[in-house]
Amino acid sequence: MMTPVPEFIPGLELSRILYEEAVRPILDEAYPGLQYAAARVGTGSEVLGFDTARSADHEWGPRLDLFLAPEEAADYGADLHELLGERLPKHVRGWPTHFIHGDPGDPVGLMELTDGLVNHRVPVNDVSAWLTDQLGLGTVSGEPTVGDWLAMPQQRLAEVTGGAVFHDGLGTLTEARRRLAWYPDEVWRYLLACQWQRISQEEAFVGRCAEVGDDLGSAVVAGRLVRDLMRLCLLLGRRYAPYDKWLGSAFGQLPVADALLPSLRGAVTATEYPAREQHLCEAYEVVAALQNDTRLAQYVDPTRRQYHSRPFQVLHAERFAQALAQTITDQTLRDLPLSGSVDQWTDNTDLLGQQRPVRAAINALR
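Residue numbering for the sequence shown follows our numbering, starting at 2 and increasing by one per position.
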């Protein structure tokens, strides 16, 4: 007989229940007066608010992140982790708190009821060590440098600043999230300029591919441009872009999404070049007007135009890149090419997770 599947509860709510009904009472009794932070941050679709019942098949469930001061994390961390394994309830609202691995060597965690100790997902850390692991930052105090900002993937920034904090007796986690909530103004302008520059580099290729009979190539370039426009809209909306699984979901929450979705869908579904170009140009003009509305730079005509002497309709997006670049006063940013942050020149998941090569690449441009 199959065990009934519990009713789905959004992961952040499940984490809140785990904290309030289980973890907090244990901490209050065993460590009275202990200063700590309790949150659900880091990896996981629930941190971004995109989890569904499907998410329960791996690395989802009653989870929580505990943060102590560095000295107390070193002194109490292992004991606290063991105590929670002994005293946590076996399930929360029917969802097991015990996690196992699927196949040998598979790091993915799966929920399973147990009669013994709970192999829980309540890691104990300190904020500085956690930020080092997540973003390569070694401190929670002080503003990140330009190099720091350009080396931090937006997905990681979304994971650090998303989710929910249920208690913060230390204050350091809340302060770190405040500092990382969004880019400094000059860095934001630079990244916007770089995103427009990316679009300018390929907007004429949709027509050129079609002209030589490469309709598939034309469609592929159009898809890339649609993705870049979506990421540009998230930048304009001051929202970190998640990785591709959730990019469309995040974009769909923007106020401009309703106006843009018909054009973007049309561009990626068009089977002939003229329609593909028409839809892209419609989208260019909407996003260009959105850029002008920010008044971050001098007004730029947002209408489409011919690509030099060739019969392709484009925006000439480099005009927006140049207008934004002219507003940047930070000399470090002014000296950089318009190549942008790590997200703007790679989408390789394995590379984005490696802080050393990413920071080395950023430093090589300076």
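Glycine included, C-beta positions come from ideal geometry on N, C-alpha and C.
Candidates the options, of which the one nearest residue i by Cα
i	options	result
L111	P63, H121, F100, V119	F100
P312	C210, A289, L19	C210
P338	L217, Q196, G224	Q196
P26	R179, R88, A318	R88
L49	E187, G341, R320, Q155	Q155
A289	Y308, Q279, G34, A322	A322
H168	R367, E319, E21	E21
E73	H280, E47, G354, Q36	Q36
G78	W61, Y32, A57	Y32
V119	G137, H92, L138	H92
Q355	D127, D58, Q135	Q135
E187	P5, A326, D344, L281	A326
I200	V128, V6, D336, V227	V227
D127	V147, C234, D76	D76
Secondary structure of residue i, DSSP reduced to three states
i	result
W96	strand
N349	coil
Y20	helix
D215	coil
Y244	coil
D186	helix
R225	helix
H168	strand
G253	helix
S340	coil
G238	coil
P90	coil
D148	The displayed chain sequence assigns Gly, not Asp, to residue 148. Helix.
F51	coil
M231	helix
Y77	helix
P358	helix
Separation of residue j from residue i, as counted between CA atoms
i	j	result
T328	R190	8 Å
D331	L230	26 Å
E43	L13	Before going on, a small fix: residue 43 reads as Gly here, not Glu. Using only the alpha carbons, I get a separation of about 12 Å.
G95	L114	10 Å
A271	R277	5 Å
I363	W247	26 Å
R171	F68	The question names Arg, yet the displayed sequence has Leu at residue 171. Answer to the nearest angstrom: the Cα atoms are 9 Å apart.
D66	Q202	42 Å
A130	P145	16 Å
A361	L334	17 Å
E283	A251	21 Å
E273	D216	8 Å
E176	A205	45 Å
L291	S219	26 Å
W445	L28	This structure cannot speak to residue 445, because the chain is shown only from 2 to 367.
N1	T295	A query on residue 1 cannot be resolved here, the shown segment of the chain reaching from 2 to 367 and no further.
L255	S264	15 Å
P358	L352	8 Å
G164	V213	48 Å
L193	L297	10 Å
F9	R64	15 Å
T347	P90	43 Å
H121	L85	8 Å
T98	V123	9 Å
A70	V125	10 Å
I18	L81	19 Å
E286	P303	5 Å
R180	Q279	41 Å
R225	L262	15 Å
M2	G45	For M2, the pLDDT reaches just 37, beneath the cut-off of 50, and the residue's location in the model is therefore unreliable, although a value from the coordinates is still provided. Distance between the alpha carbons of M2 and G45: 31 Å.
Continuous beta strand (DSSP E) stretch holding residue i: start and end
i	result
Q314	311-315
Y37	37-41
Y274	Here Y274 belongs to no beta strand (DSSP E); instead the alpha helix (DSSP H) covers 274-295.
Range of the contiguous alpha helix (DSSP H) that encloses residue i
i	result
R178	173-180
A268	258-270
A1	The first residue shown for the chain is 2 and the last is 367, placing residue 1 beyond what the model contains.
I10	Counting along the chain, I10 falls outside any alpha helix (DSSP H), and DSSP gives it neither H nor E.
T330	Neither: T330 is in no alpha helix (DSSP H) and is coded neither H nor E.
Residues bridged to residue i (per DSSP)
i	result
N126	F68
L111	I101
R306	V315
Residue i CB to nearest heavy atom of the ligand SAH below 6 Å
i	result
Q314	Inclusion of the ligand SAH in the displayed structure is not the case, the ligand content being empty and no account of it being possible.
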